[in-house]
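Below is one structure, written out as structure tokens, with a few remarks after it.
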Amino acid sequence: MRINVLQHTPNEGPGSIQLWSQQHGHEMYIYHPYQFGGVLPTAEETDMLVILGGPMSPNDDLDWVKQERKLIAEMLKQNKPMFGACYGAQQISKTLGYPVSKAPAKEVGWAPIYLKSEAVSGIPKKLTALHWHEEMFEVPDEAELLFSSDLVKNQGFVLNHKIVGLQFHFEPMPDNVREMVVNDFPYIEGSKLNQTAQDILDYPVPGENQEVMFRILDYITE
């Protein structure tokens, strides 16, 4: 399987998604459209698409942001698996015709999320995830709400056994968290989670997050 990853900032990489790919013997290609003139794969050369987070918004008037949605639309048409994290989930929702808007609260740091659907088996009812956002997607009518948090209802959706979008991050491993914090610590200001950069660094990444990330990837590629 060829997994094409759209990465949108240097400090938010595929993390455990890359580990899952390696363990399954897949080939992963990582694209950086924000840096290299909007270079993107085609749907025809994509068996699975991963759209990662980033500081931009789907509402930004940027050609490559719009081109990503054309790729997502083609993936939807071809019924191929997709996973979106944060901005990536927002891009999927916007491609389906739903707005992306300011969330009720800016969430940056570790906070619990709660399972709202049994579509993906074996996921605990409550987990602690890394949040790094202040916008949110609308859950498409054709999708199921997958997760919610205490501050923001729309934290995840699952669609057609092929697509999962999460507003938060399951994919970062400890080194990834450190990379996010040391580079993007100013973004923590104003978060309703009231955590400092050191608080976020000191919190151990839950081992079950990787397990759940793997379950989600297994589910959309079954």
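Residue numbers for the sequence shown, in this note's numbering: 4 to 225. All C-beta atoms, glycine included, are put in the ideal place defined by N, C-alpha and C.
Just to confirm my understanding: we take residue i, look at its own chain, exclude 5 residues before and 5 after, and list those with CB closer than 7 Å. What are they?
i    : result
Y101 : F140, E141 and P143
A281 : Only positions 4 to 225 of the chain appear in the structure, and residue 281 is not among them; the question remains open.
L133 : W113, F171, H172, P175 and V180
E147 : S120, A122, F160 and V161
D66  : G41
K97  : P61, R72 and V103
Determine the DSSP secondary structure at residue i, reduced to helix, strand or coil.
i    : result
S96  : helix
V8   : strand
F217 : helix
L169 : strand
E15  : coil
F160 : strand
F188 : helix
E30  : strand
A146 : coil
Considering only the beta carbon of each residue, do residue i and residue j sit closer than 8 Å?
i    : j    : result
L55  : Y34  : no
N7   : Y37  : no
N212 : L130 : yes
I95  : F150 : no
L181 : V123 : Just to set this straight, residue 181 is Arg in the shown sequence, not Leu. No, these two residues do not count as a Cβ contact at 8 Å.
F86  : V42  : no
V167 : I223 : yes
V103 : N62  : yes
P84  : M51  : yes
N82  : K195 : no
Counting only the same chain and skipping the five closest in sequence on each side, list residues whose C-beta sits under 8 Å from that of residue i.
i    : result
V155 : A106, P107, A108, E110, M139 and Q170
Sorted by chain position, which residues of the same chain lie with C-beta nearer than 6 Å to residue i's C-beta, five sequence neighbours on each side aside?
i    : result
M176 : G18 and S19
Y206 : W113
M78  : A46, L52 and M85
H29  : M4 and I6
**Prompt:** Can you give, in chain order, each stretch of the alpha helix (DSSP H) that sits fully within the region 66 to 125 and has at least 4 residues?
**Reply:** 66 to 80 and 90 to 98
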